[in-house]
Amino acid sequence: YDIPRGCMVYVTPGAMNHDPELWVEPTMFRPERFDELPDLLPGRPVGVPGGSKYGFLPFGAGPRTCVGQRLAMMEAVQILGAVTKRYQFALRDEHVEEFADITLGPKRGMYLRPRLREAKKGH
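Numbering (our numbering), first residue to last: 1 to 123.
(1) What whole-angstrom Cβ distance do residue 55 and residue 16 have, given they're in contact under 8 Å?
(2) Return the CA-CA distance between residue 60 and residue 121, expressed in angstroms with no decimal places.
(3) Can you tell which of 46, 78 and 39 has its C-alpha closest to the C-alpha of residue 65?
(4) Report the three-state DSSP secondary structure of residue 80 (helix, strand or coil).
(5) Cα separation between residue 74 and residue 91?
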């Protein structure tokens with residue numbers, strides 16, 4: 001696209017994350033989409049697995065990418081692994097209304113029902 005000099009360009013991650021041209025079933029929560037991601041490198045976007053390199057930008061891309069990207073991803077994996085090892089979670093409400101600010105999040109919180117996992121025999 002040709003963009004005239006002096007124009008402001010806004011990137012709308014929420015719209016990109018729900019675009020059916022980029023995602024199969026964009027409104028469905030499917031974390032398994034990201035099972036086969038390559039290693040995260042500074043400045044490289046996460047992208048759409050098997051699709052657009054710039055279709056999913058949770059940390060931005062290029063020279064102004066989030067400096068905490070690698071730490072955030074490593075922390076998230078460690079915390080989620082520790083918690084989900086002991087608990088299963090279900091949404092209390094089927095629909096969670098979104099709120100777009102600097103980041104996208106649940107408008108009125110996201111309430112979960114935790115359930116202790118049964119211990120496996122021999123552990």
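Ideal Cβ placement from N, Cα and C applies to all residues, glycine included.
These figures come from a predicted structure and were not determined experimentally.
Per the coordinate set shown:
(1) Confirmed, Cβ separation roughly 6 Å.
(2) A straight line joining the alpha-carbon of residue 60 with that of residue 121 spans about 44 Å.
(3) Measuring C-alpha to C-alpha distances from residue 65 to each of 46, 78 and 39 identifies 46 as the nearest.
(4) In the three-state scheme derived from DSSP, where H, G and I count as helix and E and B as strand, residue 80 is classed as helix.
(5) Between residue 74 and residue 91, the C-alpha separation is close to 24 Å.
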